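Below: the structure, in structure tokens.
Protein chains: 2
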Amino acid sequence: MADHNALPLVILAEQFARLPGIGMKTAQRLAYHIMSMSESDVKAFANALIEAKKTVHPCSVCQNLTELDLCLICDDGRRDKSLICVVESPKDVTAFERTREYRGVYHVLHGLISPIDGVTPDSLRIKELLSRIKDGEVSEIIMATNPTVEGEATAMYIAKLLKPMGVKVTRLAFGLPVGGILEYADEITLFRALENRSEM
Amino acid sequence: MADHNALPLVILAEQFARLPGIGMKTAQRLAYHIMSMSESDVKAFANALIEAKKTVHPCSVCQNLTELDLCLICDDGRRDKSLICVVESPKDVTAFERTREYRGVYHVLHGLISPIDGVTPDSLRIKELLSRIKDGEVSEIIMATNPTVEGEATAMYIAKLLKPMGVKVTRLAFGLPVGGILEYADEITLFRALENRSEM
Chain A
4 MADHNALPLV ILAEQFARLP GIGMKTAQRL AYHIMSMSES DVKAFANALI EAKKTVHPCS
64 VCQNLTELDL CLICDDGRRD KSLICVVESP KDVTAFERTR EYRGVYHVLH GLISPIDGVT
124 PDSLRIKELL SRIKDGEVSE IIMATNPTVE GEATAMYIAK LLKPMGVKVT RLAFGLPVGG
184 ILEYADEITL FRALENRSEM
Chain B
4 MADHNALPLV ILAEQFARLP GIGMKTAQRL AYHIMSMSES DVKAFANALI EAKKTVHPCS
64 VCQNLTELDL CLICDDGRRD KSLICVVESP KDVTAFERTR EYRGVYHVLH GLISPIDGVT
124 PDSLRIKELL SRIKDGEVSE IIMATNPTVE GEATAMYIAK LLKPMGVKVT RLAFGLPVGG
184 ILEYADEITL FRALENRSEM
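Protein chains in written order, with my numbering: chain A, 4 to 203; chain B, 4 to 203.
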């Protein structure tokens, strides 16, 4: 924001601009919007920030974010505890839950192995996953990390650790996205779709 | 956010989603991002919200937002106080300041007349503009509202009030945007550009 602007507004816009996907122009627009809100609405927003940060923490079992000791999915007696879907982040849990088809539980790694970004296996929640498997009961682990270099590397790394433990490790299928157009698929996706073709 | 999510996170995402231009999916992503920030960074964000709302208010002269009694532009002795540029919102002041060419002062209306949205002339800062003119010293008022139906109506309404006061009222020029392509200009813009043509 230009230097003629009120300093508290500049500071607020800078705070918004630190959020992912929000540029300085949008941040400025949001700061102006805050000015048009009632004082109680602004307080509610500020409190929501503080409260979420203070009360939300990883679930003691699956590491997904929750305000409880055990998250609602781990605490749900109808979920199949022998099937664990390993994902990068809480966002991915939401994506799977949206399908309304998956009835197993999750394990959130909170990141992917990426030496360039300084993310080593130790900084992920991998040992928590191993200890869940040592407790028995688990029959299958679905590696559901993104189909990216880091996602693949992380899936491979964890699969290698799990195999000696005698647990079945699977990976999400690769192929054409449903509703996608063949012509626009990249060559690797198309190759994978061809390789994993199934009988009709 | 799905019902398996931590309640404080759902509340936070809903707060983000109330901001203009932020949909539920982006709001959820932002809420997760807040979780990855340090507690002191989240507190700084919450404080910036509260502080901006508490300390920023309209300038006693031009009605632009400021944390001071008199904004930095009105307080600047080098600005020409006899020239007032009337704009809809503080954003527009920033737009004009970016040109680094305008040396007059501003008047922020905080809206445009729009009977459909229940915005009447009384809810805008029009009387504050009239009292600035009554104080003398003003030689020209530039109506710089948007070239929309509401912007035009507001400019016309104010111009009618000002003319009997013996002050010169001007309107921003309409024409082709610089760098624009003639072929893509709408017919009204093109007509205005033709009408307001100048000798070379």
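Ideal placement from N, C-alpha and C gives every residue a C-beta, glycine not left out.
Note that the structure is predicted; figures quoted are calculated from it, not measured.
For residue 126 of chain B, the number of other beta carbons within 10 angstroms of its own is below 16, and it is reported as exposed.
Note on residue 152 of chain B: under 16 other CB atoms within 10 angstroms of its CB, so exposed under the neighbour-count rule.
In chain A, no part has a C-beta under 8 Å from the C-beta of residue 104 of chain B; the shortest such distance is about 14 Å. Taking 8 Å as the cut-off between beta carbons, the residues of the stretch 80-97 of chain B near chain A are 92, 93, 94, 96 and 97, in sequence order. In the DSSP assignment, no residue is bridged to residue 160 of chain B. The residue among B/91, B/40, B/58 and B/19 with its C-alpha nearest the C-alpha of residue 155 of chain B is B/91. Assignment of residue 90 of chain A by DSSP, reduced to helix, strand and coil, places it in the strand class. Secondary structure of residue 154 of chain B (DSSP, three-state): helix. The beta carbons of residue 145 of chain B and residue 88 of chain B sit about 5 Å from each other, so the pair counts as a contact at 8 Å. Close to residue 42 of chain A, with beta-carbon spacing below 7 Å, are these residues of chain B in chain order: 56. In the structure shown, residue 146 of chain A adopts extended strand secondary structure according to DSSP, grouped into three states.
Listed as beta-bridge partners of residue 130 of chain A by DSSP are no residues whatsoever.
When 7 Å is used as the limit between beta carbons, residue 12 of chain B is near these residues of chain A: 55, 59 and 68, in chain order. Distance check between residue 105 of chain A and each of A/48, A/130, A/175 and A/22 places A/175 closest, using alpha-carbon atoms only.
Chain-order list of chain A residues neighbouring residue 23 of chain B: 32, 33 and 36, by C-beta distance under 9 Å. Boundaries of the beta strand (DSSP E) harbouring residue 174 of chain A: 171-174, taken from the DSSP string. Rounded to whole angstroms, the Cβ separation of residue 7 of chain A and residue 100 of chain B is 5 Å, and the two are in contact under 8 Å. Under the DSSP definition of a beta bridge, residue 122 of chain B partners with B/117. By DSSP's assignment, residue 68 of chain A forms a beta bridge with A/61.
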